[in-house]
Amino acid sequence: MMLISHEGNEVEVSAVPVPRPLMREVAHVFKNIKIDDAVVAVPTCQRSRMELVNWGEDAAVEKDRLLEVFAAFGKHLCEDLAARGHWADYIDPCSGLPTIAKDGTSVYDEVAGVQALLKYDVSQAGPCKILLHPKWGSAVYPATCFTTAPQDVVTAVLGAYRT
41 MMLISHEGNE VEVSAVPVPR PLMREVAHVF KNIKIDDAVV AVPTCQRSRM ELVNWGEDAA
101 VEKDRLLEVF AAFGKHLCED LAARGHWADY IDPCSGLPTI AKDGTSVYDE VAGVQALLKY
161 DVSQAGPCKI LLHPKWGSAV YPATCFTTAP QDVVTAVLGA YRT
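Under our numbering, residues 41 to 203 are what the sequence shown spells out, in order.
Put into structure tokens, the structure is as follows:
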């Protein structure tokens, strides 16, 4: 896990090989990925200014801000990996669908994904699962990129963004 800076915003990132049970879901979300492909997930967490279990205008504005930061980061990371000859895409956290390959119809669950990849706890808030970051609690915004680039390549690219 490392803290990087993207356009002045801090983002916590990891490069994690997708475990086989989660790979089934990833293969449904991304139509061009096969279940036997070696895929690396890049789960990201941004610290929010408030607990995101809150509803209301302030929480909506904060979620929009964090979405914009992630979308810019995801686009940049995927472009960097594609320039090195690797497939990469990122999930739109609002819809759960792929952003680059617009052909996805299966939804990726960000909270369950980060829980599986990073072993973070979750809490139940009504019908919603809430991710609990070990330091930030529920003041966290998770979002994920995926790539077929080897883990060491992903780590090197992420290292160039380091704070």
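Just so you know, even glycine gets a beta-carbon here, dropped at the ideal spot from N, CA and C.
With fewer than 16 other CB atoms across the displayed protein chains lying within 10 angstroms of its CB, residue 145 is exposed. Per DSSP, residue 84 lies in no alpha helix (DSSP H); the unbroken beta strand (DSSP E) holding it starts and ends at 80-87. By the Cβ-count criterion, residue 120 is buried, with 16 or more other Cβ atoms from all chains shown falling within 10 Å of its own Cβ.
Taking residue 89 as the centre and dropping the five residues before and after it, the same chain places the C-beta of 102 closer than 6 angstroms to its C-beta, in chain order.
The criterion of a C-beta distance shorter than 9 angstroms is not satisfied by residue 84 and residue 56. Only residues of its own chain outside the window of five on either side were considered, and among them 57, 58, 63, 66, 73, 186, 187, 188 have a CB closer than 8 angstroms to the CB of residue 79, listed in chain order.
Rounded to whole angstroms, the gap between the alpha carbons of residue 153 and residue 70 is 15 angstroms.
By the neighbour-count criterion, in which a residue is buried when 16 or more other Cβ atoms sit within 10 angstroms of its Cβ, residue 167 is exposed. If you draw a straight line from the Cα of residue 114 to the Cα of residue 138, it comes to about 11 angstroms. When secondary structure is reduced to three states using DSSP, residue 139 falls in the coil class, being assigned neither helix nor strand.
Counting other Cβ atoms within 10 Å of its Cβ, residue 118 reaches 16 or more and is therefore classed as buried. Spanning the alpha carbons of residue 44 and residue 75 requires a straight line of approximately 30 angstroms. Following the DSSP letters along the chain, one finds residue 186 inside the beta strand (DSSP E) bounded by residues 180-187. Relative to residue 157, the option among 105, 124, 184 whose CA is nearest is 184. Boundaries for residue 115: no beta strand (DSSP E) harbours it, while the alpha helix (DSSP H) harbouring it runs 97-123, taken from the DSSP string. Straight-line spacing of the CA atoms in residue 174 and residue 111 works out to 24 angstroms. The criterion of a C-beta distance shorter than 9 angstroms is not satisfied by residue 106 and residue 201.
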